[in-house]
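There are 2 protein chains.
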Amino acid sequence: MTTDNHFAQETVPRDDLLLEKFLPYRLSVLSNRVSNAIAQAYGTRFELTIPAWRVMAILGRFPDLSAADLVEQTAMDKVAISRAVSSLFKNDYISRSEDPSDRRRQVLNLTELGREVYERIVPLAQQYENDLMSSLSPEERQQLDSIIEKLMGRAQAWAERGLID
Amino acid sequence: MTTDNHFAQETVPRDDLLLEKFLPYRLSVLSNRVSNAIAQAYGTRFELTIPAWRVMAILGRFPDLSAADLVEQTAMDKVAISRAVSSLFKNDYISRSEDPSDRRRQVLNLTELGREVYERIVPLAQQYENDLMSSLSPEERQQLDSIIEKLMGRAQAWAERGLID
DNA sequence: TAAAATTGGTTTCAAATGTAACCACTGCAG
DNA sequence: CTGCAGTGGTTACATTTGAAACCAATTTTA
Numbered sequence: 098m099t100t101d102n103h104f105a106q107e108t109v110p111r112d113d114l115l116l117e118k119f120l121p122y123r124l125s126v127l128s129n130r131v132s133n134a135i136a137q138a139y140g141t142r143f144e145l146t147i148p149a150w151r152v153m154a155i156l157g158r159f160p161d162l163s164a165a166d167l168v169e170q171t172a173m174d175k176v177a178i179s180r181a182v183s184s185l186f187k188n189d190y191i192s193r194s195e196d197p198s199d200r201r202r203q204v205l206n207l208t209e210l211g212r213e214v215y216e217r218i219v220p221l222a223q224q225y226e227n228d229l230m231s232s233l234s235p236e237e238r239q240q241l242d243s244i245i246e247k248l249m250g251r252a253q254a255w256a257e258r259g260l261i262d
Numbered sequence: 098m099t100t101d102n103h104f105a106q107e108t109v110p111r112d113d114l115l116l117e118k119f120l121p122y123r124l125s126v127l128s129n130r131v132s133n134a135i136a137q138a139y140g141t142r143f144e145l146t147i148p149a150w151r152v153m154a155i156l157g158r159f160p161d162l163s164a165a166d167l168v169e170q171t172a173m174d175k176v177a178i179s180r181a182v183s184s185l186f187k188n189d190y191i192s193r194s195e196d197p198s199d200r201r202r203q204v205l206n207l208t209e210l211g212r213e214v215y216e217r218i219v220p221l222a223q224q225y226e227n228d229l230m231s232s233l234s235p236e237e238r239q240q241l242d243s244i245i246e247k248l249m250g251r252a253q254a255w256a257e258r259g260l261i262d
């Protein structure tokens, strides 16, 4: 017990868990709703999965990255990146070119086709985001930004230092 | 185009998507980090998956629900509920009793064992939540609550009224 | 009161995902 | 140089997940 509870555990009136107020639960529901909606928008229009779209989003801004760089940037799994990359390659959305200075490494870039799709998706993505944000006041947006940052820090700490207790 | 943009689309300086600032992305990363950490805590201690734990959380507060009721309460998938229920049943954490007034329906409840586990997990769950919340000031908690509510409303609207555009 | 349509719940099948093993290459220690 | 630890990336396999088909019981409706 990390909190200093002055009451004996057993006799304290048991306050049940209100799932609908439980932050991890709410985050999960919210995130799933949002992701699913957007995934559907990408998917039906461009046959892109979310990981694939993320890869494109990064490559659109930072050319000449390797898969490993992408892993670092996105915090996504190695394998997920590999699969996304090879599917994007198959669709001719990105190019892989061998790095002469390290023949294990592949330098990735959007192809012309890839960039076209990218240019079309960015506004779509921003539209979704704007739509979400439009329900918030400027102050709230600011607050949300900083709150997410803090929560992320805490959750990150779990992963690094191990779980609570 | 729903916003009134006074500039010609093509000539506006293209502002790329900053994935690390893109709300849907950040929500997803945050939610996954949190869920995974907690899932691990439940899983290693009680062999509970997240859906299973959610079912218990609801049943702990509202006895005598059916699977369909759970679907409604949690917004989880029918199949996920079915699987969680049958695994919980197998572990003797919940009981299924046939509803005489409708023989398709099964009335679910925590068993004694189930309730014991429930009573032990609730504090654990709350500890995680407290730990997250401890990084926020009281005002921020309040803000977060209302912000989530608003975002949820917007995302909900997508599901109901169909996607943007 | 006999179809037809609905509802509660499970099963089946395919696709998505994660873990671990794996190859190919690099770089460094001896 | 050779050996071998570490890195970039893919493959294989087991597990999870979701969609749709499905069965059984119930309600509707004609």
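Protein chains in written order, with our numbering: chain A, 98 to 262; chain B, 98 to 262. C-beta: ideal position from N, C-alpha, C; glycine also. Being a predicted model, the structure only gives us computed values, none of them experimental.
Query	Result
Output needed in chain order: residues of the stretch 215-227 of chain B with a Cβ under 8 Å from some Cβ in chain A.	Glu216, Val219, Leu221, Ala222, Gln223, Gln224, Tyr225, Glu226 and Asn227
In whole angstroms, give me the CA-to-CA distance for Glu237(A) and Glu117(A).	22 Å
Would you tell me roughly how many angstroms separate the C-alpha atoms of Ile218(A) and Ser132(A), rounded to the nearest one?	15 Å
Run through DSSP, which three-state label would Asn188(B) get?	coil
What does Asp113(B) reach in chain A if we use C-beta pairs closer than 8 Å?	Gly157, Arg158 and Val219
Can you list the residues of chain B that Gly211(A) reaches, using a CB-CB cut of under 9 Å?	Those within 9 Å of Gly211(A) in chain B number zero; the least Cβ separation is about 14 Å.
Do you know offhand how far Ala177(A)'s Cα is from Leu205(A)'s?	15 Å
In the DSSP assignment, find the beta strand (DSSP E) that holds Leu116(B) and state where it starts and stops.	Unbroken run through Leu116(B): none, as it is neither H nor E.
Taking buried to mean at least 16 other C-beta atoms within 10 Å of its own C-beta, is Ala154(A) buried or exposed?	buried
So for Arg130(A), helix, strand or coil by DSSP?	helix
Consider the Cβ of Gly250(A): report whether some Cβ of chain B lies at a distance smaller than 8 Å.	yes
Just list the residues that DSSP pairs Val204(A) with in beta bridges.	Ser194(A)
Determine which residues of the stretch 139-151 of chain A have a Cβ less than 7 Å from any Cβ of chain B, and write them out in chain order.	Arg151
Going by beta carbon distance, what residues of the same chain come within less than 6 Å of Pro121(A), once the five residues before and after it are set aside?	none
Consider the Cβ of Leu116(A): report whether some Cβ of chain B lies at a distance smaller than 8 Å.	yes
Kindly say whether Ala154(A), judged by its beta-carbon, lies nearer than 8 Å to any beta-carbon of chain B.	yes
Can the beta-carbon of Leu248(A) be found closer than 8 Å to that of Leu248(B)?	no
Which residues, in order along the stretch 161-177 of chain B, keep a beta-carbon less than 8 Å from a beta-carbon of chain A?	Gln170, Thr171 and Ala172
DSSP three-state label for Leu241(A), please.	helix
Hey, is Ile245(A)'s beta-carbon within less than 8 Å of any beta-carbon in chain B?	yes
Could you check the C-alpha separation between Arg200(A) and Asp242(A) for me, to the nearest Å?	41 Å
Would you verify that the beta carbon of Ala181(A) is, or is not, closer than 8 Å to some beta carbon of chain B?	no
Looking at the unbroken alpha helix (DSSP H) that takes in Glu216(B), where does it start and where does it end?	Glu209 to Met230
Can you give me the start and stop residues for the alpha helix (DSSP H) that Glu144(A) sits inside?	Counting along the chain, Glu144(A) falls outside any alpha helix (DSSP H), and DSSP gives it neither H nor E.
Assuming Ile147(A) and Ala136(A) form a contact by the criterion Cβ under 8 Å, report the distance between their Cβ atoms to the nearest whole angstrom.	5 Å
Look at the alpha carbon of Leu115(B) and the alpha carbon of Pro220(B), and state the distance between them as a whole number of angstroms.	38 Å
Give me the Cα-Cα distance between Ile244(B) and Leu233(A), rounded to the nearest whole angstrom.	7 Å
Please state the DSSP three-state secondary structure of Leu162(A).	strand
Just tell me which of Ser198(B), Arg151(B), Glu195(B) and Tyr139(B) has its CA closest to the CA of Glu169(B).	Arg151(B)
If we ignore side chains and look at the alpha-carbon of each, how far apart do Phe186(B) and Ser192(B) end up?	6 Å
What does a CB cutoff of less than 7 Å around Ala252(A) pick up in its chain, not counting 5 residues either side in sequence?	none
I'd like to check one pair, Tyr225(B) with Ile261(A): are the Cβ atoms closer than 8 Å?	yes
I want to verify the contact list: residues of chain A whose CB lies under 8 Å from the CB of Leu185(B), in sequence order.	What Leu185(B) touches in chain A: nothing, since even the nearest Cβ is about 16 Å away.
Please report whether the beta-carbon of Ile191(A) lies at a distance below 8 Å from any beta-carbon of chain B.	no
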